[in-house]
Amino acid sequence: MSAANFIKDTMNGLKEAQHITVAFVVIVVISLALRIWVRTRMIKQFGWDDWTMVLACVLYVTHSGVGYTICEMGIKSLTNPKIAAQLVPYTRASAALYSFVMIFLKISVALFFYKIFSHRPVQRIVIWIVAILTILSGLAYFGVGAFTCASAKTYKAITGKCKAQIPHEIIFAVFSCINIAGDIAFAGMAVVALMKAKLPAITKFTASLLILFGFFGGIATIIRLYWTLKPVTGLTYYSVSVNLGRWVAIELGASLAATNFGTIRPLFHMILEKLRLISTVRETTYGTAGNVSGRHGTQRGTQNRPGTGLEADEIALVTNIKREVTVDVDEEKA
696 MSAANFIKDT
706 MNGLKEAQHI
716 TVAFVVIVVI
726 SLALRIWVRT
736 RMIKQFGWDD
746 WTMVLACVLY
756 VTHSGVGYTI
766 CEMGIKSLTN
776 PKIAAQLVPY
786 TRASAALYSF
796 VMIFLKISVA
806 LFFYKIFSHR
816 PVQRIVIWIV
826 AILTILSGLA
836 YFGVGAFTCA
846 SAKTYKAITG
856 KCKAQIPHEI
866 IFAVFSCINI
876 AGDIAFAGMA
886 VVALMKAKLP
896 AITKFTASLL
906 ILFGFFGGIA
916 TIIRLYWTLK
926 PVTGLTYYSV
936 SVNLGRWVAI
946 ELGASLAATN
956 FGTIRPLFHM
966 ILEKLRLIST
976 VRETTYGTAG
986 NVSGRHGTQR
996 GTQNRPGTGL
1006 EADEIALVTN
1016 IKREVTVDVD
1026 EEKA
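With the working numbering applied, the sequence shown covers 696 to 1029.
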């Protein structure tokens, strides 16, 4: 490959990474705004899992700004090599922010699942293990990524110049594997719980659809791990580094967006109702408010869910998974 073609291909790759970064920032911000609106206005439940997600998204936007700057400086360094030396503090900041985005993301997901599975010993232990391992490995990666000479990628020509490089790559790989395993564990628990819950088919479908959407973030992590572990030479270093940066942006953006979209099921349900694809869900109750006493005995009454029905519908989703309570519902429209 000629020098001109090399510069052109690398420049195009860096510009594409910038476009991907901007696109996912927009998606994540929209998903977070929808999450906040649904949690505060529709179901009126805004907990620590939501606050930690807000923090994760703020750190992500900052990380994206740093990543965008790195790409911009990388483009300029192709024609002015002196600029490359100025990238060091930016790459360290990127590594530090990446570790904390993933840490707070997993804490948010762990808190959300703990509220549902706190009564299940096995699931509770799994949640604790995933959270603790993510925090420990994330802090370890933060240490080597932010305070050493190690970089995300290197090649044999410069291996040995940084003693922290090999530990950095090992810790990064371990951190990635823990994130992948955590995604699989959380998604598995959610899907199994939904399948066992006594809920209407449309509720299971919408919830499962949003949960499975989260697998995309895990797939991006696997692809990013591939580029992290891929051996490179002086000729392939830049192309592999560009691909690594591209998939880091996709991994973080997809993971955050998927997690946020997974919490807006009530909004999705409301849209389906507005489109008349489903009917308004009603539940059968046995409480004192639903009983009618008289000389004919006590009768079972059916009452509408409070408010718009969405708050109660979301509570029913969590309650059925957590307490395994049977809820009778009206027949849904085809």
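Just so you know, even glycine gets a beta-carbon here, dropped at the ideal spot from N, CA and C.
Through-space distance from Pro-961 to Val-733, alpha-carbon basis
7 Å
Where Leu-727 falls: helix, strand or coil (DSSP):
helix
Taking the alpha carbon of Cys-752 as the point to measure from, which residue in Leu-727, Gln-781 and His-964 has its own alpha carbon closest?
Leu-727
Is it right to say Val-721 is buried, meaning 16 or more other beta carbons lie within 10 angstroms of its own, or is it exposed?
exposed
Local conformation of Thr-928 per DSSP, three classes
coil
Residue closest to Ala-949, alpha-carbon to alpha-carbon, out of Leu-782, Ile-725, Ala-859 and Phe-842
Ile-725
Express the C-alpha separation of Leu-754 and Glu-711 in angstroms, rounding to a whole number.
22 Å
Whole runs of the alpha helix (DSSP H) within the segment 799-853, excluding any shorter than 4 residues
816-842
For Val-937, count the other beta carbons within 10 Å of its own beta carbon; 16 or more makes it buried, fewer makes it exposed. Which is it?
buried
Stretch pair the segment 791-803 + the segment 835-849: three plus CB contacts closer than 8 Å:
yes
Confirm, please, whether the CB-CB distance from Leu-951 to Leu-800 is below 9 Å.
yes
Hey, Leu-939 and Thr-923 are a contact pair by Cβ (cut 8 Å); roughly how many whole angstroms apart?
6 Å
Buried or exposed: Cys-766, going by 16 or more other Cβ atoms within 10 Å of its Cβ?
buried
Could you give the DSSP three-state label for Asn-775: helix, strand or coil?
coil
Near Tyr-933, which residues of its chain fall below 6 Å by C-beta distance, leaving aside the five closest residues on each side in sequence?
Thr-705
How do the segment 802-817 and the segment 855-874 stand: do at least 3 beta-carbon pairs fall below 8 Å, yes or no?
no
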